[in-house]
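For reference, the structure is listed below as structure tokens.
Residue numbers (my numbering): 38 to 109.
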């Protein structure tokens, strides 16, 4: 509805979609960098990071299935 009912709503929609994708790209790059540099040796920091990663993925999944549309 935002694409039709709001002036320049398509910009808001596509900015939100691209921003969410960029967030996860940066998140996965950050995890990859941690693996490359051996940051997993600091177990407490690594475990908190993995918990935050799983929380972000769960939040993204909930945002995906929330509309219960054709794609979800």
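We treat Cβ as the ideally placed atom computed from N, Cα and C, and that holds for glycine.
| Asked | Found |
| --- | --- |
| Among the candidates 50, 39, 67 and 44, whose CA atom is the shortest distance from the CA of residue 83? | 67 |
| DSSP state of residue 38, grouped into three classes? | coil |
| If you run the structure through DSSP and keep just helix, strand and coil, what is residue 79? | coil |
| Taking only three categories from DSSP, how would you classify residue 72? | helix |
| Nearest CA to the CA of residue 60: which residue from 102, 104, 105 and 96? | 96 |
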